[in-house]
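Residue numbers (the working numbering), protein chains in the order written: chain A, 1 to 179; chain B, 180 to 371. One structure below.
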Amino acid sequence: MKQLGDLAAVFAYLSLLTVGGGMAAFPELKTLTVDVYHWVSFPALLHFYSLGQLSPGPNMMMVASIGAVVAGVPGALVALIAFFLPTGLLTFAIGRLWIHLSTWRWRPAVQTGLGSVSVGLVLAGAIVMGRGALIGLLYAVLAIAVFLLLLRTKINPAYPIIASGLIGVLAHWLDITPT
Amino acid sequence: MSDPVSAPAPPSLGRIFWVFLVMGATSLGGGVVGYLRTGLVVRQRWLDDVTFVELLSISQTLPGLNATNMSILVGDRLRGWRGAVLATLGMCLPGGTIMTIAAFAYSIGGDDPWSKAFLHGIAAGAVGLIVVVMVQLGAKVLKTFADYIFVLATAAAVVIFHVQVPYALVAAGAVAIWWHRPRRKQDGSDPK
Chain A
1 MKQLGDLAAV
11 FAYLSLLTVG
21 GGMAAFPELK
31 TLTVDVYHWV
41 SFPALLHFYS
51 LGQLSPGPNM
61 MMVASIGAVV
71 AGVPGALVAL
81 IAFFLPTGLL
91 TFAIGRLWIH
101 LSTWRWRPAV
111 QTGLGSVSVG
121 LVLAGAIVMG
131 RGALIGLLYA
141 VLAIAVFLLL
151 LRTKINPAYP
161 IIASGLIGVL
171 AHWLDITPT
Chain B
180 MSDPVSAPAP
190 PSLGRIFWVF
200 LVMGATSLGG
210 GVVGYLRTGL
220 VVRQRWLDDV
230 TFVELLSISQ
240 TLPGLNATNM
250 SILVGDRLRG
260 WRGAVLATLG
270 MCLPGGTIMT
280 IAAFAYSIGG
290 DDPWSKAFLH
300 GIAAGAVGLI
310 VVVMVQLGAK
320 VLKTFADYIF
330 VLATAAAVVI
340 FHVQVPYALV
350 AAGAVAIWWH
360 RPRRKQDGSD
370 PK
């Protein structure tokens, strides 16, 4: 029960940080799940995050994986509900108020101001993730290749990400990867 | 609801659940917003493009993921709170099930060197994806030189000075909102 309570508290807290996307919460996600509670190792967190990018639906369904690692199916359910309920209620309430806010003088300021801060948080998340994931030249090259491909084409991101995985397997077969 | 959508009759709750379930199961590879637009605006015609963009801008401003925030807002517009709950459930059910199964599979085969090689590879690819998403988000919201300073200051606070994300969010957010505060232009050309 204690574990379910911890899961609920952690993911409800993380939920409120997802401004601009799930990546904005990544630095705190790493600190809490890896360093504070030791639920998963940092590589495992990166693996779940990446698998979550390949799974359909919202891109942070990987919170279910962490919940499941900690406390099985109930853990997955608690993590999911905790992660979506607080922001869900907020969105529901603001969604109904929004029409009244359309003439509010501060609305453009809030949208623009929070916009730049959320890009900053996503950047911080990307740096934290990059430090863990880009552990050799090969991986840095893969990340840059995927970045350029997605920037210039409209290809479904799942394909280049799966291709990166296969290149990782190939490199392992050829014995040219670190670890 | 005091604000009905222009569509003639709102769809049934079961229909809402089903349509969101299908989108939740087929929106592979991120970019769920594109799938939402195709599903809601083009196929079902539950929303027009103007409303879609309006709801999307709410979703992006508030905390929470775009996909679930959109499910809540669209579900509420169509059928009140029950619609919001069923739309969100449908959106999350397939991915949540898959990622729960993935956790069990990982505990069995995650330590195998071959799966590790694959997982390290996709993690590197995912970094590339995140940077693209960030660049696209930035292209939309960063307009002045000061905005780029806010981006760098926020990221530096978190990564270099280890400021906890909520403090960075509140502090940088307050400064950035104040910077963009509403004021009358001196030259009299008040935008909007």
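Ideal Cβ placement from N, Cα and C applies to all residues, glycine included. Every value quoted in this text rests on a predicted model; they were computed, and no experiment measured them.
Rounded straight-line distance, which links the Cα of residue j to that of residue i
{"i": "Leu97/A", "j": "Gly125/A", "result": "31 Å"}
{"i": "Val63/A", "j": "Arg363/B", "result": "45 Å"}
{"i": "Ala133/A", "j": "Ile356/B", "result": "34 Å"}
{"i": "Phe196/B", "j": "Thr240/B", "result": "25 Å"}
{"i": "Met202/B", "j": "Tyr214/B", "result": "7 Å"}
{"i": "Ile295/B", "j": "Phe283/B", "result": "Reading off the sequence shown, one finds Lys at residue 295/B, where the question assumed Ile. C-alpha separation (whole angstroms): 15 Å."}
{"i": "Gly193/B", "j": "Pro160/A", "result": "36 Å"}
{"i": "Leu234/B", "j": "Ile176/A", "result": "48 Å"}
{"i": "Phe199/B", "j": "Ser238/B", "result": "17 Å"}
{"i": "Leu114/A", "j": "Met60/A", "result": "21 Å"}
{"i": "Asp227/B", "j": "Pro189/B", "result": "14 Å"}
{"i": "Leu89/A", "j": "Ser164/A", "result": "38 Å"}
{"i": "Ser15/A", "j": "Leu29/A", "result": "10 Å"}
{"i": "Thr91/A", "j": "Gly243/B", "result": "8 Å"}
{"i": "Pro345/B", "j": "Gly317/B", "result": "20 Å"}
{"i": "Arg222/B", "j": "Arg216/B", "result": "9 Å"}
{"i": "Trp358/B", "j": "Pro273/B", "result": "42 Å"}
{"i": "Ile328/B", "j": "Gln3/A", "result": "40 Å"}
{"i": "Ser206/B", "j": "Ser65/A", "result": "19 Å"}
{"i": "Gln111/A", "j": "Thr87/A", "result": "17 Å"}
{"i": "Ser250/B", "j": "Gly352/B", "result": "26 Å"}
{"i": "Val354/B", "j": "Ala325/B", "result": "11 Å"}
{"i": "Ile280/B", "j": "Pro58/A", "result": "16 Å"}
{"i": "Thr338/B", "j": "Lys319/B", "result": "In the sequence on display, residue 338/B carries Val and not Thr. The straight-line gap from Cα to Cα measures roughly 24 Å."}
{"i": "Gly21/A", "j": "Gly136/A", "result": "27 Å"}
{"i": "Asn248/B", "j": "Leu138/A", "result": "37 Å"}
{"i": "Thr31/A", "j": "Pro292/B", "result": "26 Å"}
{"i": "Met129/A", "j": "Arg152/A", "result": "23 Å"}
{"i": "Pro43/A", "j": "Leu219/B", "result": "37 Å"}
{"i": "Met278/B", "j": "Cys271/B", "result": "11 Å"}
Cβ of residue i within 9 Å of any chain A Cβ
{"i": "Asp228/B", "result": "no"}
{"i": "Ile301/B", "result": "yes"}
{"i": "His359/B", "result": "yes"}
{"i": "Asp369/B", "result": "With a pLDDT of 47 at Asp369/B, under the threshold of 50, the predicted position of this residue should be treated as unreliable, though the coordinate-derived value follows. No, no contact with chain A."}
{"i": "Thr217/B", "result": "no"}
{"i": "Ile356/B", "result": "yes"}
{"i": "Phe283/B", "result": "yes"}
{"i": "Gln132/B", "result": "Chain B is shown from 180 up to 371; residue 132/B falls before or after that span and cannot be answered."}
{"i": "Ser238/B", "result": "yes"}
{"i": "Ala334/B", "result": "yes"}
{"i": "Ile277/B", "result": "yes"}
{"i": "Trp225/B", "result": "no"}
{"i": "Gly352/B", "result": "yes"}
{"i": "Val314/B", "result": "yes"}
{"i": "Leu235/B", "result": "no"}
{"i": "Phe196/B", "result": "no"}
{"i": "Ile251/B", "result": "yes"}
Presumed contact (8 Å Cβ cut-off) between residue i and residue j, rounded CB distance
{"i": "Gly300/B", "j": "Leu51/A", "result": "So it is not a contact: roughly 12 Å between Cβ atoms."}
{"i": "Trp39/A", "j": "Val78/A", "result": "The Cβ separation is near 13 Å, so there is no contact."}
{"i": "Pro157/A", "j": "Ala204/B", "result": "Not confirmed; about 17 Å, so no contact."}
{"i": "Thr267/B", "j": "Phe26/A", "result": "Not really, about 22 Å apart at Cβ, beyond 8 Å."}
{"i": "Leu321/B", "j": "Val146/A", "result": "The Cβ separation is near 22 Å, so there is no contact."}
{"i": "Leu150/A", "j": "Val311/B", "result": "4 Å"}
{"i": "Ala82/A", "j": "Ala8/A", "result": "4 Å"}
{"i": "His172/A", "j": "Gly289/B", "result": "About 15 Å; that fails the 8 Å criterion."}
{"i": "Ala246/B", "j": "Val211/B", "result": "4 Å"}
{"i": "Val73/A", "j": "Tyr37/A", "result": "19 Å between Cβ atoms; not a contact."}
{"i": "Thr33/A", "j": "Leu45/A", "result": "6 Å"}
{"i": "Val169/A", "j": "Phe297/B", "result": "5 Å"}
{"i": "Ile162/A", "j": "Leu54/A", "result": "7 Å"}
Any C-beta of chain B under 9 Å from that of residue i
{"i": "Thr18/A", "result": "yes"}
{"i": "Met23/A", "result": "yes"}
{"i": "Tyr49/A", "result": "yes"}
{"i": "Phe84/A", "result": "yes"}
{"i": "Phe92/A", "result": "yes"}
{"i": "Thr87/A", "result": "yes"}
{"i": "Gln3/A", "result": "no"}
{"i": "Tyr37/A", "result": "no"}
{"i": "Ala158/A", "result": "yes"}
{"i": "Ala12/A", "result": "no"}
- Query: How about the segment 97-113 of chain A and the segment 253-268 of chain B: do they share at least three Cβ pairs that are nearer than 8 Å?
  - Reply: no
- For the segment 113-125 of chain A against the segment 328-337 of chain B, are there 3 or more C-beta pairs whose distance is under 8 Å? yes
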